[in-house]
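Peer 1: Structure in structure tokens, see below.
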Amino acid sequence: MKQFVIIGNSAAGIAAAESIRQNDKSSKITIISDEGYAAYCRCLISYYLAGEVSEENVVYRPESFYKENNIELLLNKKALSVDADKNRVTLADKSQIGYDALLIATGASPKFPQGIKGLKNKGVFGLRSLKDAKDISGLLPTVSDSACVLGGGLVGLKAGYALNKRGLKVKVIVKSSQVLSQMLDACAAGLIQSKLEENGIEIVMGADAAQILGDNQVKGIKLDSGKEIACSLVIVGKGVSPNIDIGKEAKLKCAEGILTDNHLQSSVSGIYAAGDVCENIDVSIGKTAVNALWPVAVEQGRIAGANMTGKACLYDGSVGMNSIEFFGLPVISLGVYEIKNDAASLEKLEMFDEKRGIYKKLILKEGVIIGAIMAGDIRNSGLFLSLIRGKVNVAVLKDKLLLENFSYPHIAGMTKEKEQMYV
Amino acid sequence: MKNLYYVFKKCVGCKTCELSCALAHSQSGELSEALKEIKLSLPRTTVFAATGENYPVSCRHCKEQKCVSACMAKALTRDAATGMVLHDENRCVGCWMCVMVCPYAAIRPNRKIKLPLRCDRCKDKDQPACVKACPTRAILWEEEPEPKK
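Protein chains in written order, with our numbering: chain A, 1 to 423; chain B, 1001 to 1149.
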């Protein structure tokens, strides 16, 4: 009987546990979590904060799941270090757990920029955990009706949206010249920005917070321009960084995340990584990257789990992707979303129907799609993702790709999909 | 497990399958009434014309279940007994992750009610409505072939 240890109880950790149990009915599985809940849908916490999803529907796996699958769940326990020579994990309470195979699925943490004074004030939050969402929610009745969000990325905008839904006046402070600069080009970002502004969310562009005002409790923020904005709640959405400390300390090779091979094993045999902490090949850019995304975490967890049991499952990399919708405008971004000045070999196909609020763009490299943005009409996103993943040469389809009636039959047989549809 | 297959050579693109699908999933089941329903029932299968032929597209209930993995709200699950991918409307938040990853583009967003449209094989009935309705018998409701080795 083997002992499997998983550090992290979210998408990747759960998928790995399920995958291990599918392949091995009897061995011991232990999941270590520094949070206080059974697995929940992390991506839903902004919906929960907005009041759009009940706490019941945030549950991803109920407590009964662990019992039914004979998984030991250790809550509120922090894994401090891994002794790779002795195959042992040490927890903050000094207890130790031995393992035959270990998965590090420790996720990521919000970045709190060092340069800003006052980040320790009461009323400053990240939005990463259910606890964050509950703490913010609990504070709402006691604070004034205005909030500032630092950062115009996905978390920042989702936080802004949620607080707007809860009736607060929200200002989003964005350093760059557009929102969502990590997933959209200026055109698609402009559509989103208009939608947010139409619905009462103010975007302050090209500004950064220099200081959080207030002695103990947040009273406002001071921008780098010197301008002050009064508010009693600040959400910091300045991106996340992978929780690699435990891997680094165990001398696993790390870049931004823990580097893994095509079995999702780290540089040390028997230790695997998956999810937001894992770095592996990104198919669209052809280099390693951390794609901190729910679907990627689930897939990596499943494959890492199978490999931990001794099966040899290959992982063929991920594609950066995101789907968002604000106030009825859906936008999906896949892979490379922008042609930088230096990339003369890339080709762009696009259409923009301002009246209907539809913008679609594809980026091709030597006839192969490496990225896409779909705004206002997202119907064919899955086809483009499949073409990106399969590195399919679409030169013969170029004039059809962005047409309204482009559909699966146009690419049937060209991608790796196995399901039969036609006879 | 039975699945829907399309004899595309027989498909004339009349879209009777789309209409019968929308009707089968409407509240009333009657065309004249269904058209007045607030949550207008939309087809979960779509017929496309490509390369001079007509091709219906519908959810395959794939074994790879990319949509189930991608569903961040646990609204999509795979039923172990039937092999079907089920959708819980109560849990769905309309994030369109399933739309983003479906390699057949067989999951389509119903943006008005923020729910994905996908074939549920008329799970409560003896056979899918489209199979009965197809005037050219282009839709087969058959056991899945054994996986190729």
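Where a beta carbon is used, it is the ideal one built from N, C-alpha and C, also for glycine. The structure presented is a predicted model; accordingly, all values stated were derived computationally and were not measured.
Could you give the distance in angstroms between the alpha-carbon of A/Gly123 and the alpha-carbon of A/Asp132?
Peer 2: Within the first sequence, numbered from 1, the residue matching residue 123 of chain A stands at position 123. Within the first sequence, numbered from 1, the residue matching residue 132 of chain A stands at position 132. Each residue's alpha carbon lies about 11 Å from the other.
Peer 1: Would you tell me roughly how many angstroms separate the C-alpha atoms of A/Ala105 and A/Ser129, rounded to the nearest one?
Peer 2: The residue you call residue 105 of chain A lines up with position 105 of the first sequence. The residue you call residue 129 of chain A lines up with position 129 of the first sequence. The straight-line gap from Cα to Cα measures roughly 15 Å.
Peer 1: Closer than 6 Å by C-beta to B/His1159: which residues in its own chain qualify, once you throw out the five before and the five after it? Chain order, please.
Peer 2: Examination of residue 1159 of chain B is not possible in this model, given that chain B is present from 1001 through 1149 alone.
Peer 1: Have a look at A/Lys56 and A/Cys41 and give me their C-alpha separation to the nearest angstrom.
Peer 2: Position 56 of the first sequence, counted from the start, is the residue given in the question as residue 56 of chain A. Position 41 of the first sequence, counted from the start, is the residue given in the question as residue 41 of chain A. The identity of residue 56 of chain A in the sequence shown is Glu, whereas the question assumes Lys. Cα to Cα, A/Glu56 sits roughly 11 Å from A/Cys41.
Peer 1: If you draw a straight line from the alpha carbon of A/Glu419 to that of A/Arg379, how long is it in whole angstroms?
Peer 2: The residue given as residue 419 of chain A occupies position 419 in the first sequence. The residue given as residue 379 of chain A occupies position 379 in the first sequence. In a straight line, the C-alpha of A/Glu419 is about 20 Å away from that of A/Arg379.
Peer 1: How is the beta strand (DSSP E) around A/Lys348 delimited, first residue to last?
Peer 2: As a working note, residue 348 of chain A is residue 348 in the first sequence. Run containing A/Lys348: 346-353, per the beta strand (DSSP E) assignment.
Peer 1: Counting only C-beta atoms, is A/Cys41 closer than 7 Å to chain B at any point?
Peer 2: Taking the first residue of the first sequence as position 1, residue 41 of chain A is located at position 41. So, interface residue.
Peer 1: Check whether the Cβ atoms of A/Ala162 and A/Gln178 sit closer than 7 Å, and answer yes or no.
Peer 2: Within the first sequence, the letter at position 162 stands for residue 162 of chain A. Within the first sequence, the letter at position 178 stands for residue 178 of chain A. In this structure, A/Gln178 does not lie closer than 7 Å to A/Ala162 by Cβ.
Peer 1: When we look at the beta-carbon of A/Val172 and count the other beta-carbons within 10 Å, is it buried (16 or more) or exposed?
Peer 2: The residue you call residue 172 of chain A lines up with position 172 of the first sequence. Counting Cβ neighbours within 10 Å, A/Val172 comes out buried, since at least 16 surround it.
Peer 1: Could you check whether A/Gly305 and A/Ile97 sit closer than 7 Å to each other, using their CB atoms as the reference points?
Peer 2: Looking up residue 97 of chain A in the first sequence gives position 97. Looking up residue 305 of chain A in the first sequence gives position 305. In this structure, A/Gly305 does not lie closer than 7 Å to A/Ile97 by Cβ.
Peer 1: Along chain A, which residues have their Cβ under 9 Å away from the Cβ of B/Pro1145?
Peer 2: Here residue 1145 of chain B refers to the residue found at position 145 of the second sequence. Ordered by position in chain A, the residues that pass the 9 Å Cβ test against B/Pro1145 are Gln420.
Peer 1: To which residues of the same chain is A/His410 closer than 7 Å at the C-beta, ignoring the five residues directly before and after it?
Peer 2: Taking the first residue of the first sequence as position 1, residue 410 of chain A is located at position 410. Cβ within range, chain order: Leu397, Lys400.
Peer 1: Rounded to whole angstroms, what is the Cα-Cα separation between B/Trp1141 and B/Gly1013?
Peer 2: Here residue 1141 of chain B corresponds to residue number 141 of the second sequence, with the count starting at 1. Here residue 1013 of chain B corresponds to residue number 13 of the second sequence, with the count starting at 1. Each residue's alpha carbon lies about 18 Å from the other.
Peer 1: For a contact meaning CB atoms closer than 7 Å, what does A/Val298 contact in chain B?
Peer 2: As a position in the first sequence, residue 298 of chain A is number 298, starting the count at 1. Here the neighbours are Ser1069.
Peer 1: If you scan the segment 183-223 of chain A from start to end, which runs of the beta strand (DSSP E) of 3 or more residues do you find wholly inside it?
Peer 2: The segment 183-223 of chain A contains these whole beta strand (DSSP E) runs: 201-205, 209-213, 220-223.
Peer 1: Taking the C-alpha atoms as reference points, what is the distance between A/Asp83 and A/Leu102?
Peer 2: On the first sequence, position 83 is the one that residue 83 of chain A refers to. On the first sequence, position 102 is the one that residue 102 of chain A refers to. Rounded to whole angstroms, A/Asp83 to A/Leu102 spans 11 Å at the Cα level.
Peer 1: State the start and end residues of the unbroken alpha helix (DSSP H) segment that holds B/Met1100.
Peer 2: The count along the second sequence starts at 1 and reaches residue 1100 of chain B at position 100. Element bounds for B/Met1100: 1097-1101.
Peer 1: With three or more C-beta pairs closer than 8 Å as the rule, is the segment 361-378 of chain A touching the segment 338-349 of chain A?
Peer 2: With the cut-off at 8 Å, the segment 338-349 of chain A and the segment 361-378 of chain A touch.
Peer 1: From B/Cys1130 to B/Cys1021, what distance separates their C-alpha atoms?
Peer 2: As a working mapping, residue 1130 of chain B is identified with position 130 in the second sequence. As a working mapping, residue 1021 of chain B is identified with position 21 in the second sequence. Those two C-alpha atoms are separated by around 6 Å.
Peer 1: Measure the C-alpha to C-alpha separation of A/Phe125 and A/Gly206 and round it to an integer number of angstroms.
Peer 2: Translated into the one-based positions of the first sequence, residue 125 of chain A becomes position 125. Translated into the one-based positions of the first sequence, residue 206 of chain A becomes position 206. Cα to Cα, the separation comes out at about 22 Å.
Peer 1: Identify the contact partners of A/His410 in chain B, using a Cβ-Cβ distance below 7 Å as the criterion.
Peer 2: Your numbering for residue 410 of chain A matches position 410 in the first sequence. The contacting residues are Ala1050.
Peer 1: Any chance the segment 321-337 of chain A sits against the segment 1078-1098 of chain B, with 3 or more Cβ pairs inside 8 Å?
Peer 2: Because the criterion of three Cβ pairs below 8 Å is met, the segment 321-337 of chain A and the segment 1078-1098 of chain B touch.
Peer 1: Which ranges does the alpha helix (DSSP H) cover as unbroken runs of at least 4 residues, wholly within the segment 268-339 of chain A, from first to last along the chain?
Peer 2: Segments of the alpha helix (DSSP H) lying fully in the segment 268-339 of chain A: 294-308.
Peer 1: Can you name the start and end residues of the alpha helix (DSSP H) that A/Lys134 belongs to?
Peer 2: Taking the first sequence and counting its residues from 1, one reaches residue 134 of chain A at position 134. It spans 130-139 - the alpha helix (DSSP H) in which A/Lys134 sits, taken as one unbroken run.
Peer 1: Please state whether DSSP places A/Arg21 in a helix, a strand or coil.
Peer 2: Start at 1 with the first residue of the first sequence, and residue 21 of chain A comes out as number 21. Looking at A/Arg21 - three-state DSSP - the assignment turns out to be helix.
Peer 1: In this structure, does DSSP put B/Gly943 in helix, strand or coil?
Peer 2: Since the displayed chain B opens at 1001 and closes at 1149, residue 943 of chain B lies outside it and no answer follows.
Peer 1: Count the other C-beta atoms from every protein chain shown that fall within 10 angstroms of the C-beta of B/Pro1116, then say buried if there are 16 or more, exposed otherwise.
Peer 2: Taking the first residue of the second sequence as 1, we reach residue 1116 of chain B at position 116. Result: buried.
Peer 1: Kindly indicate if chain A contains any beta-carbon less than 7 Å away from that of B/Lys1149.
Peer 2: Within the second sequence, numbered from 1, the residue matching residue 1149 of chain B stands at position 149. Its pLDDT being 48, under 50, B/Lys1149 is placed unreliably in this model, and the value from its coordinates should be taken loosely. So, not an interface residue.
Peer 1: Against chain A, which members of the segment 1076-1103 of chain B pass a CB distance test of less than 8 Å?
Peer 2: Under the 8 Å Cβ criterion, the segment 1076-1103 of chain B contributes Asn1090, Arg1091, Val1093, Gly1094, Cys1095, Trp1096, Met1097, Val1099, Met1100, Val1101, Cys1102, Pro1103.
Peer 1: Where A/Asn199 and A/Glu52 are concerned, what is the direct C-alpha to C-alpha distance, given to the nearest angstrom?
Peer 2: Reading the first sequence from its first residue, position 199 is the one you call residue 199 of chain A. Reading the first sequence from its first residue, position 52 is the one you call residue 52 of chain A. A/Asn199 and A/Glu52: Cα-Cα distance of roughly 17 Å.
Peer 1: Taking DSSP as the reference, what is the three-state secondary structure of B/Glu1033?
Peer 2: Position 33 of the second sequence, counted from the first residue, corresponds to residue 1033 of chain B. The answer is helix: DSSP assigns B/Glu1033 an H, G or I state.
Peer 1: Bridge partners for A/Ser374 per DSSP, in chain order?
Peer 2: In the first sequence, counting from the first residue as 1, residue 374 of chain A sits at position 374. Here the sequence assigns Met to residue 374 of chain A, which means Ser is not the residue at that position. Answer by DSSP bridge pairing, in chain order: A/Ile332, A/Lys360.
Peer 1: Within 6 Å: the Cβ of A/Leu402 and any heavy atom of the ligand NAD?
Peer 2: In the structure shown, the ligand NAD is absent, as is every other ligand, since no ligand is present at all.
Peer 1: By the DSSP assignment, the alpha helix (DSSP H) with A/Lys158 in it spans what residues?
Peer 2: As a position in the first sequence, residue 158 of chain A is number 158, starting the count at 1. Looking at the DSSP string, the run of the alpha helix (DSSP H) that includes A/Lys158 is 154-165.
Peer 1: Quick check: what's the CA-CA separation for A/Ile31 versus B/Thr1077?
Peer 2: Start at 1 with the first residue of the first sequence, and residue 31 of chain A comes out as number 31. Start at 1 with the first residue of the second sequence, and residue 1077 of chain B comes out as number 77. When rounded, the distance between both Cα atoms is 22 Å.
Peer 1: Taking all protein chains shown into account, do 16 or more other C-beta atoms lie within 10 angstroms of the C-beta of B/Phe1008, making it buried, or fewer, making it exposed?
Peer 2: Mapped onto the second sequence, residue 1008 of chain B falls at position 8. When all chains shown are included, B/Phe1008 counts as buried.
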